[in-house]
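Enquirer:
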Amino acid sequence: MKIHVLETPASASIFVARILAAQVQKKNGSVLGLATGGTMPPVYEELLSIARKQRISLTDISTFNLDEYIGLSPEHPQSYSRFMRHHLFDRIDCDRSRLAVPRGDSRDPDAEAQRYEAAIKQSGGIDLQLLGLGANGHIGFNEPGASFSSRTRVETLSEDTRLANARFFAHGEIVPSEAITMGIGTILEARSIVLLAAGESKAPAVRAMIEGPITPDCPASVLQKHPNVAVVLDAAAAALLSPSESITHHGVTPAQPEPTNAS
Ligand code: F6R
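All residue numbers for the sequence shown refer to the working numbering, where the first residue is -2 and numbers rise by one.
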């Protein structure tokens, strides 16, 4: 794992957007795995800005989002499908059929999960997977206890996660109790991974992910086994880490990240 610590959430987002842009530039037709959540809008905003300024075309990318709530149609304001359209998909000139989010309103979520897993395989696999981090250590919606070999499937959300995500829903609206999520095994097949976490609420999970044992109690700890992971943190999220050679501290203006090893 390479760990990059930026001073602010904004500079951490810029750093991650540069990694995404470098991947798109490096390989025509890159397949990106994407994430939602409160941490991600600045990343997509910055990616669009870099693409505009550096004339990087996003037309040929394919994308697969990590997850979607079961029971929400793509039009629901809190669906991840709508999130992605708002923050990225509606703003790029790319064939919609290549921008995939699991269908949360499918009549058969198990079949939808299998279809999604097969579609990822058929694309040739993910070149670069973007991840956020749950305060309970989840990646995608793989909650503590999830199997490291799990594939895309229906997962029951923990009470912690439903509580954390209630902030995105209207007052009194019920947060769905299930989601379709890429499995941990699915995520680990990505050729490279970049995880972004910001804020002090993530600091204990960041420490467990990087310094703790590899255990399903902290799903993100499995990333220690992946050969090509960049963890990008703001100072608050990194606050509980012990000094280590694998940590690079960046100044206010982040350096240009090295491209990932994904082809
Ligand atoms: C979202 C996802 C989740 C989030 C995580 C952090 O697609 O897969 O794992 O990345 O819950 O969410 P925020 O950024 O809201 O703290």
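Note that the Cβ used here is the ideal one computed from N, Cα and C, for glycine as well.
With a threshold of 8 Å on Cβ separation, who are the neighbours of T158 within its own chain once the five nearest residues in sequence on each side are excluded?
Expert: G131, N133, H135, F138 and E140
Enquirer: Could you please give the first and the last residue of the uninterrupted beta strand (DSSP E) stretch that includes L128?
Expert: L125 to L128
Enquirer: Using C-beta distances below 7 Å, list every residue in its chain close to R204, excluding the 5 sequence neighbours before and after it, in chain order.
Expert: Cβ within range, chain order: L237 and L238.
Enquirer: At the level of alpha carbons, what is the spacing between S241 and V172?
Expert: 39 Å
Enquirer: Given A202, which residues of its chain have a CB within under 6 Å of its CB, disregarding the five upstream and five downstream residues?
Expert: L130, A132 and G134
Enquirer: According to the neighbour-count rule (16 or more other Cβ atoms, all chains shown, within 10 Å of its Cβ), is Q126 buried or exposed?
Expert: Counting C-beta atoms within 10 angstroms of its own C-beta, Q126 has 16 or more neighbours from the protein chains shown and is therefore classed as buried.
Enquirer: With DSSP as the reference, label S260 as helix, strand or coil.
Expert: Note that S260 scores 44 on pLDDT, short of 50, meaning its location in the model is unreliable; the coordinates nonetheless yield the value given after this. S260 carries a coil assignment under DSSP once its states are collapsed to helix, strand and coil.
Enquirer: Going by C-alpha to C-alpha distance, which of S10, E65 and K118 sits closest to T153?
Expert: Nearest in C-alpha terms to T153, of all of S10, E65 and K118, is E65.
Enquirer: CB P99 to CB I177, shorter than 8 Å?
Expert: yes
Enquirer: Do the region 28 to 46 and the region 7 to 14 make contact, defined as three or more Cβ pairs closer than 8 Å?
Expert: yes
Enquirer: Relative to the C-alpha of I123, which candidate in L63, A9, Q221 and E170 has its C-alpha closest?
Expert: L63
Enquirer: Indicate whether the contact test is met: 3 or more Cβ pairs, each with one atom in the region -1 to 7 and one in the region 220 to 234, closer than 8 Å.
Expert: yes
Enquirer: The alpha helix (DSSP H) spanning A163 covers which residue range?
Expert: First-last for A163: undefined, no H or E at that position.
Enquirer: Within 7 Å: the Cβ of D64 and any heavy atom of the ligand F6R?
Expert: yes
Enquirer: State the beta-bridge partners of L3 as determined by DSSP.
Expert: In the DSSP assignment, the residues bridged to L3 are D231.
Enquirer: Three-state secondary structure (DSSP) at E114?
Expert: helix
Enquirer: Less than 6 Å between C-beta atoms, sequence neighbours within five positions excluded: which residues of the same chain meet that for S78?
Expert: P71 and V98
Enquirer: May I ask you to report which of helix, strand or coil DSSP gives R93?
Expert: helix
Enquirer: Check the DSSP bridge columns for V191 and list the partner residues they point to.
Expert: By DSSP's assignment, V191 forms a beta bridge with L127 and A227.
Enquirer: Where DSSP assigns a beta bridge to V28, which residues make up the other side?
Expert: S59
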